[in-house]
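Colleague: In my numbering, the protein residues as written are 717 to 806.
Can you keep this structure in mind? I'll have questions shortly.
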């Protein structure tokens, strides 16, 4: 859940806000004079965003993802059971 909070509201509520971010994975958009100035999110959310950006920036990884999606669209897939059999042979 994303909540908007003013900087003035945030100051006295910071411990509660941090607890909600940590415990419930809430996100906050902090505003100052009605304009967004910061976003507060959990460390896990931040790590996920950074990892996603790194994957999106990796041309080879994106090429592999696109190929995999195309394979799925064209029905070029195998069952989990067949995959396990193939891996067992390696």
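Backbone N, C-alpha and C define an ideal beta-carbon position, used for all residues, glycine too.
These figures come from a predicted structure and were not determined experimentally.
(1) Which value, in whole angstroms, describes the spacing of the CA atoms of residue 768 and residue 721?
(2) Under three-state DSSP, which class holds residue 721?
(3) Based on DSSP bridge pairs, tell me the residues matched to residue 752.
(4) How about residue 746 and residue 754: are their beta carbons less than 9 angstroms apart?
(5) Hey, quick one: how far does the alpha helix (DSSP H) through residue 764 stretch, first residue to last?
Modeller: On the basis of the supplied data:
(1) 26 angstroms
(2) Of the three classes helix, strand and coil, the one that applies to residue 721 here is strand, per DSSP.
(3) Beta-bridge pairing links residue 752 to 747.
(4) yes
(5) Boundaries of the alpha helix (DSSP H) around residue 764: 759–773.
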